[in-house]
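K.L.:
All you need for this note's numbering is the position in the sequence shown, starting with 1, plus 3. The beta-carbon is built from N, C-alpha and C at its ideal position, and this holds for glycine as well. Could you have a look at this structure, given as structure tokens, before my questions?
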Amino acid sequence: MTRLVFPVGQFGGAIRRPSEGIGFSIRRGDAVVTLEPDPGNLWLAAHGRPGELDTTVWTRDAVSDAPAALWSTLTGPGLIAEADPDEPEAVDFARAHRLLPRMHGLGNRAEHPDRFMAGYASDGMATFSWHQWRLWRESHLEPSLWDGCERLVENERGAGREVDARALLADTMRNLHIMFALNLAYLDVAR
């Protein structure tokens with residue numbers, strides 16, 4: 004069982020607080036949370052590091068050697084979620100969260116018509132399969148990531164193609180840190 008670590012919420016930036024020093028603002032659902040530097044840095048580290056995306060499985064140990072108590076300051080309020088993409092808990096994870104895009108995609112290219120690009124050349128580019136691309140681009144229109152997977156399956160079935168929702172979800176979960184590290188998307192709570 005390999006449980007991956009996922010940051011939940013949209014980063015609002017570092018804020019200077021006159022009496023308390025630097026804080027990290029994160030919007031999760033309808034609430035804005037301000038984190039102290041240590042949990043804030045851990046939350047940011049959970050997004051992944053661009054230079055290590057191809058070689059790292061984003062577990063707690065890969066993200067940081069932070070003590071369990073520090074992790075608890077993020078898992079308790081739901082700012083960090085953990086799930087194994089290959090276990091049934093992945094569907095529960097997907098039902099509890101939404102994937103929201105942070106930018107527009109760049110489409111595909113003639114030399115690789117089955118791969119779709121997103122990102123900026125200066126910050127890093129990512130390529131996705133057609134199904135990952137559509138999930139990234141459209142699942143935020145659904146109440147949850149799982150609803151987005153099911154909608155994609157339904158749309159593909161209508162076009163005469165079969166897609167397995169669980170396989171799509173597992174593959175997407177394994178690639179979420181690419182989206183996070185390149186600021187292509189973020190996770191929020193389901194609506």
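1) Can you list, in chain order, the residues of its chain with a C-beta nearer than 7 angstroms to that of A168? Leave out the 5 residues immediately preceding and following it.
2) Spell out the partners DSSP gives I181 in its beta bridges.
3) Got a sec, what are the start and stop residues for the beta strand (DSSP E) E85 sits in?
4) May I ask you to report which of helix, strand or coil DSSP gives H143?
5) Look at the Cβ atom of A93, then the Cβ atom of M176, and state whether they are nearer than 9 angstroms.
6) With distances taken Cα to Cα, identify the nearest neighbour of T195 among W46, R194, R140 and D174.
7) Output the boundary residues of the alpha helix (DSSP H) element that contains N44.
8) Is it true that the CB of V11 sits closer than 9 angstroms to the CB of L190?
9) Taking the alpha helix (DSSP H) that R63 falls in, what are its first and last residues?
P.N.:
Put simply:
1) Within the sequence shown, the letter at position 165 stands for residue 168. C152, E153 and V156, listed in sequence order.
2) Working through the sequence shown from its first residue, we reach residue 181 at position 178. In the DSSP output, where bridge partners are listed per residue, I181 has none listed.
3) If you number the sequence shown from 1, residue 85 lands on position 82. It spans I83 to A86 - the beta strand (DSSP E) in which E85 sits, taken as one unbroken run.
4) By one-based count along the sequence shown, residue 143 stands at place 140. H143 falls in the helix class under three-state DSSP.
5) Here residue 93 refers to the residue found at position 90 of the sequence shown. Here residue 176 refers to the residue found at position 173 of the sequence shown. Against a cut-off of 9 angstroms, the Cβ pair of M176 and A93 comes out as a contact.
6) Here the chain comprises residues numbered 4 to 194, so residue 195 is not present and cannot be evaluated.
7) The residue labelled residue 44 in the question sits at position 41 within the sequence shown. Here the alpha helix (DSSP H) through N44 covers P40 to A48.
8) The count along the sequence shown starts at 1 and reaches residue 190 at position 187. The count along the sequence shown starts at 1 and reaches residue 11 at position 8. A contact, by the Cβ cut-off of 9 angstroms.
9) On the sequence shown, position 60 is the one that residue 63 refers to. First-last of the alpha helix (DSSP H) with R63: R63 to V66.
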